[in-house]
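Just so we're aligned: the sequence shown equals residues 1099 to 1754 in our numbering. As structure tokens, the structure follows; a few thoughts come after it.
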Amino acid sequence: MVEKEVEKNIEALLEERREFEAPEEFAANANANEASIYDDAAADPEAFWASQAERLDWFEPWDTVLEQDPPFHKWFTGGKLNASHNCLDRHLDSNGDRVAYHWVGEPGETKDVTYKDLHEEVCRLANSLKDLGIAKGDRVAIYMPMIPELPAAMLACARIGAPHSVVFGGFSAESLRDRINDAAAKVLITADGSYRKGNVVPLKANADEALQDTPSVEKVVVVARTGEDVSMTEGRDLVYSEVVEAASPDCPAEPMDAEDMLYILYTSGTTGKPKGIVHTTGGYLTGVSSTHNLIFDIKPDTDVYWCAADIGWVTGHSYIVYGPLANGCTSVLYEGAPDHPDKDRWWSIVEQYGVTILYTAPTAIRSCMKWGTDFPAKHDLSSLRLLGSVGEPINPEAWIWYQEFIGAGKAPVVDTWWQTETGQICISPLPGITTLKPGSATKAFPGVFADVVDEAGEAVGRGGGGYLVLRKPVPAMFRTIFGDEKRYVETYFEKFGNDTYFPGDGAKLDDDGYFWLLGRVDDVMNIAGHRISTYEVESALVDHKSVAEAAVVGRVDPKEGETIVAFVTPKEDKEGDDALMEELREHVAKVIGKLARPHSIVFTEDLPKTRSGKIMRRLLRDVATGQELGDVSTLQNAPILEEIKAKAESQQGDDE
Ligand code: PRX
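Shown next, in the form of structure tokens:
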């Protein structure tokens, strides 16, 4: 059932009715400018994906484009290639001196890394990893800031066939530990620290805490980013620069089977244990490079592309590292926060490098809106010709603001829907073809079979709402959950059967067949474009010594995005006061990471429960979003709800 508040969001979205056709000049030069691409791909999707795979370098051609045994699928079987070779070596002859990354450190230093530079660094590091005992198939964990050594580490792993598992630098020691252990990583590559809003994030100290309980890790390679003193464990910890300098720059890329694992990336599910999403090589590279080329209209000779996400998330994997490098384009890589030292930091970078394409998330756009137009107005942003959005539904106001004040009213905005699991963008405009509607991700990418169905799995048709599904796999789609095939089948295919992938999102189709994404329909929240499950935050809260019970819901506001609201029952002798609230927020930050800190905490003597003792989160969500309460007849303790409601309302008043 699609939630009530989500229905309300769509009402707000649908009030915006303006449409924007592709600007003529843009359309004339676009990489995708024939609408027939949709029909051709629909008529023969395998031929379409094969034509996209041909843009890559294969050591050996594939025998079969797609082999299916639903819900399992394999792409380009029999083919051999290497992702690092495709991202680096094949560009060297013609474009070795082209900048791969204009890197900008938060404190202000800059460095241009060419394809040649990156290739050499990757080869050296790959040899070092071999020396440290890493062989094809061994997992390497990476916990690093946004510095050039991060993509180099990923590509070094890919070069020798060692799947990487990148853990976002904002995650806590405990989160890092769990991910290292699930993947049984043999080596960890990290840094002494990273810069964020002028402060140093102590990555090595966090890593040391995690490493107390990670028996699989044999060696740790540490990049000196901040130069601060960190403890180095004799025999285990090595200095990155020393290891790399000592290694040979000659390292042939390992021919990998198209279906060999490229990486694992963890994402939140509805239970406490994060899911290790497994991506393989040939299909993934085909999916990310083709979407990057056609949706972002990449002209590698002239474009300066900037995806302002963090590489620790899938957006960074696919659209900062693998897609852009496979397409040989020049990117910006920025280490820090958008408001450091001031709120025009991004715009000064756009001006400095003449950025032509910017890809970011609605949460960032909404922050910029709040900060005001003076900040972008201080800079010449006329180089921008295309803007992208990802991670959560973008409200039409933010869409229009983005186009107007960042894109000078002319740059098309591509709202791209996808997930860690799909690996590649699945629903998005093609900016030279698609008429844009602010707030809608528009249409399925060519060769993608998206639909909206009801509870019974029947298509709802135009004008209807329900669940988003994909009726065929896309090449970059994940193959399984690491070490847990059962969970793979149950989570994504139990609902509608093995042929129909269920991503967990609600959606509506308008009368033109455009997709309007409505957010998650499970217990997963989308906080600033990042997935966090209510269960994870509840577990972290209950883990605190003063907490007896906790329930967590997401408060969705079409303009503000989603925030975490926690309802907490303190232990009998504990007081639910401001001090405890702050302590609990910090505790969640310590257990999961800052991104999971509840925005508000309502203390209550009891939580609304059914007679069988199940917490009624649905009612708490009504309370959090200020909606009229739903059916309370099954509650064993209905009066508590009114109390909670009154408390929540008075707290919201305090917030404002
Ligand atoms: O709910 C959808 C939302 O983000 C979820 C995927 O999260 P994650 O795997 O962390 O990947 C985020 C970046 C690709 C989806 O299930 N989502 C992502 N993009 C959009 C979106 N919701 C609405 N519109 C989007 N463009």
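For every residue, glycine included, the Cβ atom is placed at its ideal position computed from N, Cα and C. As the structure is a prediction and not an experimental result, all values here were calculated from the model.
Tell me, please, which residues DSSP counts as bridged to residue i.
{"i": "Trp1404", "result": "Leu1456"}
{"i": "Leu1484", "result": "Ile1455"}
{"i": "Leu1431", "result": "Trp1201"}
{"i": "Leu1607", "result": "Phe1613"}
{"i": "Arg1629", "result": "Asn1624"}
{"i": "Tyr1599", "result": "Leu1568"}
{"i": "Tyr1293", "result": "Val1298"}
{"i": "Thr1288", "result": "Tyr1241, Val1320"}
{"i": "Met1354", "result": "Leu1179"}
{"i": "Leu1336", "result": "Val1319"}
{"i": "Gly1691", "result": "Phe1269"}
{"i": "Phe1503", "result": "None, per the DSSP bridge assignment."}
{"i": "Arg1618", "result": "Asp1603"}
{"i": "Glu1165", "result": "Lys1172"}
{"i": "Thr1708", "result": "Leu1733"}
{"i": "Phe1118", "result": "Leu1534"}
Could you check where the alpha helix (DSSP H) with residue i kicks off and where it finishes?
{"i": "Trp1160", "result": "Here Trp1160 belongs to no alpha helix (DSSP H), and DSSP marks it neither H nor E."}
{"i": "Phe1591", "result": "1583-1591"}
{"i": "Ser1637", "result": "1632-1640"}
{"i": "Leu1717", "result": "1715-1722"}
{"i": "Asp1138", "result": "1134-1141"}
{"i": "Asp1191", "result": "1188-1193"}
{"i": "Asp1675", "result": "Segment: none, Asp1675 is in no alpha helix (DSSP H) and carries neither H nor E."}
{"i": "Leu1733", "result": "Element bounds for Leu1733: n/a, residue is neither H nor E."}
{"i": "Leu1423", "result": "1421-1424"}
{"i": "Glu1123", "result": "1122-1127"}
If you follow the beta strand (DSSP E) that residue i is part of, which residue opens it and which one closes it?
{"i": "Arg1323", "result": "No beta strand (DSSP E) holds Arg1323; DSSP gives it neither H nor E."}
{"i": "Trp1173", "result": "1170-1175"}
{"i": "Val1512", "result": "1511-1514"}
{"i": "Met1359", "result": "1359-1365"}
{"i": "Pro1668", "result": "1659-1668"}
{"i": "Val1651", "result": "1645-1655"}
{"i": "Phe1701", "result": "1698-1701"}
{"i": "Gln1374", "result": "Gln is not the amino acid found at residue 1374; the sequence shown has Gly there. Looking at the DSSP string, the run of the beta strand (DSSP E) that includes Gly1374 is 1373-1378."}
{"i": "Asp1472", "result": "Note, Asp1472: premise wrong, no beta strand (DSSP E); alpha helix (DSSP H) at 1472-1475."}
Just checking: is the beta-carbon of residue i within a distance shorter than 8 Å of some beta-carbon in chain C?
{"i": "Asp1437", "result": "Included in the structure is just one protein chain, with no chain C present."}
Cβ of residue i within 7 Å of any heavy atom in the ligand FAD?
{"i": "Asp1671", "result": "The ligand FAD is not part of this structure, which contains only the ligand PRX."}
| query | Can you find at least 3 beta carbon pairs, one from the stretch 1242-1261 and one from the stretch 1416-1435, that sit closer than 8 Å? | reply | Counting C-beta pairs with one atom in each stretch, the stretch 1242-1261 and the stretch 1416-1435 have three or more that are closer than 8 Å, which means they touch.
| query | Using 8 Å as the threshold, is the stretch 1638-1650 in touch with the stretch 1605-1615, meaning 3 or more CB pairs across them? | reply | Contact between the stretch 1638-1650 and the stretch 1605-1615 is absent, with fewer than three C-beta pairs closer than 8 Å.
| field | Continuous alpha helix (DSSP H) assignments of at least 4 residues falling wholly in the stretch 1204-1274 | value | Listed in chain order, they are 1213-1229, 1247-1258.
| task | Report yes or no: do three or more beta-carbon pairs, one from the stretch 1672-1684 and one from the stretch 1615-1624, lie closer than 8 Å? | result | The stretch 1672-1684 makes no contact with the stretch 1615-1624, as fewer than three CB pairs between them are under 8 Å.
| field | Cβ contact check for the stretch 1319-1337 and the stretch 1348-1355: 3 or more pairs under 8 Å | value | The stretch 1319-1337, when compared against the stretch 1348-1355, does not touch it at the 8 Å Cβ threshold.
| request: Pick out the complete beta strand (DSSP E) segments inside the stretch 1521-1591, 3 residues or longer, and give them in chain order. | output: Listed in chain order, the complete beta strand (DSSP E) runs (minimum 3 residues) inside the stretch 1521-1591 are 1548-1551, 1563-1568.
| task | For the ligand PRX, list every residue whose C-beta falls under 7 Å from any of its heavy atoms, going in chain order. | result | In chain order, the residues positioned with their C-beta nearer than 7 Å to some heavy atom of the ligand PRX are Thr1365, Trp1411, Val1412, Thr1413, Ser1487, Val1488, Gly1489, Glu1490, Pro1491, Ile1492, Asp1513, Thr1514, Trp1515, Trp1516, Gln1517, Thr1518, Glu1519, Ala1539, Pro1601, Gly1602, Asp1603, Leu1615, Gly1617, Arg1618, Asn1624, Gly1627, His1628, Arg1629.
| Three-pair Cβ contact test at 8 Å for the stretch 1559-1575 versus the stretch 1513-1530 | Yes, the stretch 1559-1575 touches the stretch 1513-1530.
| message | Quick test of the definition: if touching needs 3 or more C-beta pairs under 8 Å, does the stretch 1265-1280 touch the stretch 1363-1376? | response | Touching, per the Cβ criterion.
| task | Inspect the CB distances between the stretch 1214-1233 and the stretch 1457-1471 and report whether three or more fall short of 8 Å. | result | Cβ pair count under 8 Å is below three, so no.
| field | the stretch 1420-1438 in contact with the stretch 1394-1407 per 3-pair CB rule at 8 Å | value | Yes, the stretch 1420-1438 touches the stretch 1394-1407.
| the stretch 1678-1698 contacting the stretch 1723-1736, beta-carbon criterion three pairs below 8 Å | Below 8 Å, too few C-beta pairs join the stretch 1678-1698 and the stretch 1723-1736 to call them touching: fewer than three.
| said: If contact is defined by three or more beta carbon pairs under 8 Å, each pair taking one atom from either stretch, is the stretch 1426-1445 in contact with the stretch 1197-1215? | reply: Touching, yes, given that three or more Cβ pairs across the two stretches are closer than 8 Å.
| contact_flag[the stretch 1303-1310, the stretch 1268-1276] where n(CB pairs < 8 Å) is 3 or more | The stretch 1303-1310 is in contact with the stretch 1268-1276.
| Would the stretch 1235-1244 and the stretch 1536-1547 be scored as touching if the rule is three or more Cβ pairs under 8 Å? | As far as the Cβ criterion goes, the stretch 1235-1244 does not touch the stretch 1536-1547, which means the pair count is below three.
| Should the stretch 1549-1556 be regarded as contacting the stretch 1132-1144, the criterion being three or more beta carbon pairs within less than 8 Å? | The stretch 1549-1556 vs the stretch 1132-1144: no contact.
| Taking three-plus beta-carbon pairs below 8 Å as touching, is the stretch 1157-1171 in contact with the stretch 1556-1569? | Between the stretch 1157-1171 and the stretch 1556-1569, the count of Cβ pairs shorter than 8 Å is below three; the stretches do not touch.
| message | For the structure I just gave you, are there three or more beta carbon pairs, one from the stretch 1657-1669 and one from the stretch 1701-1708, closer than 8 Å? | response | When C-beta atoms of the stretch 1657-1669 are compared with those of the stretch 1701-1708, three or more pairs fall below 8 Å, so the two segments count as touching.
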